[in-house]
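Peer 1: Just remember that the numbering used here sits 945 ahead of the position in the sequence shown, which is counted from 1. Think of the CB as a built atom: it goes at the ideal place given N, C-alpha and C, for glycine as much as any other residue.
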Amino acid sequence: RNRVFSKNLQFIFVEMPKFGKRVDELETFLDKWLYVIQNMNRLNDKPASLTESIFHKLFDVAEIAQFSKVDRAEYEESLKVFWDFSNVLSSAERKGREEGIAEGVAKGEREEKLRNAKSFKDLGVDVEKISKATGLTKEEIERL
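As C-alpha cells, then:
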C-alpha cells in the first residue's frame, strides 16, 4: 500500500541469493553489508576492503561469539576487571582534580590574606587589627 512508515527509516527487501558480488566488486556500504551478511559463516578473517569501524566491531563480536563457555567466562571476567579498574582510575582522577582545585583555592586565599596584611602593615594599621581582619597570626604579620 506504499504507506510511509517513518521519514527516517526505510525498508529494503533484498533477495540474498541474487546478490552475487565478490569481495573485489564491493562498491557501496550496502554492498559491503550484504556481502558480510551473505558470507559471514564462511569468512575466517575480515576482508581488507571492509575498512569501516563498524566492520571491525562486527568481526570482534563474531569472534567473541565463537568462544567456548570457559573462554567466554574468562573474557567477561577480564572485561569486568578492566571496567572496574577504569572506574577506579576515573574516580581517582576526579578526586585528585577536585583536591587540586581546593588546594589551589586555599593557597590563593592565603596569598591574598598575606598581600592584604602586608598592605595594611605598610599603611601603619595595628597588627592586632590586621590579625582580626585577615585571620593571620601576629607572628605571620610581623614576618611580612
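(1) Is it the case that the Cβ atoms of T1079 and A1062 are separated by a distance below 8 angstroms?
(2) Span of the alpha helix (DSSP H) holding I1086?
(3) Return helix, strand or coil for R1055, following the three-state DSSP convention.
(4) Between which residues of its own chain and A1007 is the CB-CB distance below 7 angstroms, once the five residues before and five after are set aside?
(5) Between which residues of its own chain and V959 is the CB-CB distance below 8 angstroms, once the five residues before and five after are set aside?
(6) State the Cα-Cα distance for the pair E1087 and A1051, rounded to the nearest angstrom.
(7) Give the DSSP-derived three-state secondary structure of P962 in the structure shown.
Peer 2: In short:
(1) Counting from one through the sequence shown, the residue named residue 1079 turns up at place 134. Counting from one through the sequence shown, the residue named residue 1062 turns up at place 117. It is a contact, given that the beta carbons lie within the stated cut-off.
(2) The residue given as residue 1086 occupies position 141 in the sequence shown. Its alpha helix (DSSP H) spans residues 1083-1087.
(3) Taking the sequence shown and counting its residues from 1, one reaches residue 1055 at position 110. Note: R1055 maps to helix in three-state DSSP.
(4) As a working note, residue 1007 is residue 62 in the sequence shown. Cβ within range, chain order: M985.
(5) In the sequence shown, residue 959 corresponds to position 14, counting from 1. Excluding positions up to five away in sequence, the list reads L979.
(6) Against the sequence shown, residue 1087 aligns to sequence position 142. Against the sequence shown, residue 1051 aligns to sequence position 106. Those two C-alpha atoms are separated by around 22 angstroms.
(7) Reading the sequence shown from its first residue, position 17 is the one you call residue 962. Helix.
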